[in-house]
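Number of protein chains: 2
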Amino acid sequence: MGKVLRGRSGRRRGAPDTKGEILAAARDVFGERGYDGASVRAIAAAAGVDPALVHHYFGTKEKLFLAAMEIPFDPAIIADAIAAGSSGAGIGERAIRTFLGVWGQPSGRAPMLALLRSAMQHETAARLLRQFVTRAILGRVLVAFEGVPDGALRAEAMVSHLIGLAIIRYVVKLEPIASVSDEELIRLVAPVLQRYYDDAVEQS
Amino acid sequence: MGKVLRGRSGRRRGAPDTKGEILAAARDVFGERGYDGASVRAIAAAAGVDPALVHHYFGTKEKLFLAAMEIPFDPAIIADAIAAGSSGAGIGERAIRTFLGVWGQPSGRAPMLALLRSAMQHETAARLLRQFVTRAILGRVLVAFEGVPDGALRAEAMVSHLIGLAIIRYVVKLEPIASVSDEELIRLVAPVLQRYYDDAVEQS
DNA sequence: CGCATTATTCATCACATGATGAATTCCGCT
DNA sequence: AGCGGAATTCATCATGTGATGAATAATGCG
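Those protein sequence lines, which keep their order, are chains A and B.
Under the numbering used here, the first residue of the first sequence carries the number 1, and numbering increases by one thereafter.
Under the numbering used here, the first residue of the second sequence carries the number 1001, and numbering increases by one thereafter.
This is how it looks when you write it as structure tokens:
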């Protein structure tokens, strides 16, 4: 496994999307090991390519990371799914449902894990995660909390719970949460999340 | 800053608690950078000591980590504070209150951060965190959830939210959660957490 | 075809890391 | 005073890292 013996130097035949393969490999490896833990060599190996090629395309490891974090799904869609017509009713369930949808499949989980893991080690990545959460997610979810007292705070608290769930379920893999079905988790968490909205509305 | 010029080799005068200083430095640096990011050299420098001394005392970096993670506060006390006579009433507020108490002061925050950060990079540390949460915290909190349907699940969900809060507040430092006062956060989060208990009880 | 451009690998650098073993200095005990 | 052992540092190794520059091979345009 690993290193592909690809014979001698020089350009390969055909028009393989090598840049794309490197990006995919980068997302995988960054996701598994975080920014510092993922070596350029390991990424290159996972892409079946010489390490120098990575630098050829992306210049530096940091630029590769940034390129790899160009989220492969549209955050707007997600945020809109959560906000859903800027109504607060049912926002708890929509939030965790969308969340599990993204994390449930590897194509969504890998970059999220990469971002999360890396944000724990590197201030650069932390800034990136902050931006991502702020602009791409919170900014839109906030429309549902418009006019709600402590809206920003409450929206963030919701997001923080989801992040905590991601860590327990997908990183630390603590049982029984790691193995419980999506639906069961939704049934458990949705009403609790919902309170972040309901609490504020009923007191206003 | 950094490297203390301490002249020549050999034993130092007096009986300084060097081992303890190394442990403290280790907790700091592991906390700031996680397991992989914290180099033995950096820890040694922070302790004002030669790197070889670290190995002399602890043999290997991993053993040092394990030693540093021997939690400096008693998890039993914390867990008991949360469980509080195995009553579920008010458990939400007690949980977040105790949580903020630990994370509020550096002596508690450092090892927790170290554990969290490292768990994101290293399976060894993830296992450690799993153990810690399971035995030291969950095991005792569960008495409050005794007989409650999905007790384990609900207790873990509570913990996951707290972990998420820790990350948003102390690692990613997302505003406004990062700056809000403890009391305000308690007012916001406590009733939501409480629902993990109340929901189960009222349906049984 | 011919030739510049692009894709790819190889060899190599400077540097940081974890670890080890020998040398030096001090302490405690007799 | 003397001696063994513990504490401390120094010099050093093997390894892995990100990065660079030159060499080689295929492509595509004229």
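The beta carbon of each residue, even a glycine, is placed where N, CA and C say it ideally should be.
- Our two residues, A/R195 and B/A1144, have alpha carbons roughly 22 Å apart in a direct line.
- If you keep only unbroken alpha helix (DSSP H) runs of at least 4 residues inside the stretch 1011 to 1037 of chain B, you get 1018 to 1037.
- Contact annotation, A/V171 with B/M1120: C-beta distance approximately 6 Å; criterion of less than 8 Å satisfied.
- Residue contact with chain A for B/H1055: absent (no Cβ-Cβ distance below 9 Å to any residue of chain A).
- Between B/S1160 and A/G164, the CB-CB gap stays under 9 Å.
- Under the three-pair Cβ rule at 8 Å, the stretch 1124 to 1134 of chain B does not count as touching the stretch 122 to 142 of chain A.
- If you look at B/E1123, you'll find it in the alpha helix (DSSP H) that goes 1123 to 1131.
- At least one beta carbon of chain A lies nearer than 9 Å to the beta carbon of B/I1168.
- The three-state reading of DSSP puts B/T1134 in helix, counting H, G and I together.
- Between A/I78 and A/L185, the CB-CB gap reaches or exceeds 9 Å.
- The beta carbons of A/M69 and A/P111 sit closer together than 9 Å.
- Close partners of B/P1016 in chain A (Cβ separation under 9 Å) are lacking, with about 32 Å as the shortest Cβ gap.
- For the stretch 1160 to 1192 of chain B, the set of positions with a beta-carbon nearer than 9 Å to some beta-carbon of chain A reads S1160, H1161, L1162, I1163, G1164, L1165, A1166, I1167, I1168, R1169, V1171, V1172, K1173, L1174, E1175, P1176, I1177, V1180, E1184, L1185, L1188, V1189, P1191, V1192 in chain order.
- Inter-residue distance for B/Y1035 and A/S118 is about 13 Å (C-alpha atoms, whole angstroms).
- Setting aside the 5 residues that flank it on each side, A/V54 is surrounded in the same chain by I22, V40, I43, A44, L64, each with a C-beta closer than 7 Å to its C-beta; the list follows chain order.
- Put simply, the CB of B/G1034 is near chain A, with a gap under 9 Å to one of its CB atoms.
- DSSP, read as helix, strand or coil, puts B/T1098 in helix.
- A residue is called buried when at least 16 other Cβ atoms come within 10 angstroms of its Cβ; B/R1169 meets this threshold and is buried.
- Under the criterion of beta carbons closer than 8 Å, A/L162 and A/F99 qualify as touching, at roughly 5 Å.
- By the rule that beta-carbons nearer than 9 Å mark a contact, A/A126 touches chain B.
- When secondary structure is reduced to three states using DSSP, B/M1120 falls in the coil class, being assigned neither helix nor strand.
- Selection B/M1158, B/G1037, B/P1051, B/E1062 evaluated against B/A1190 yields B/M1158 as nearest (Cα-Cα).
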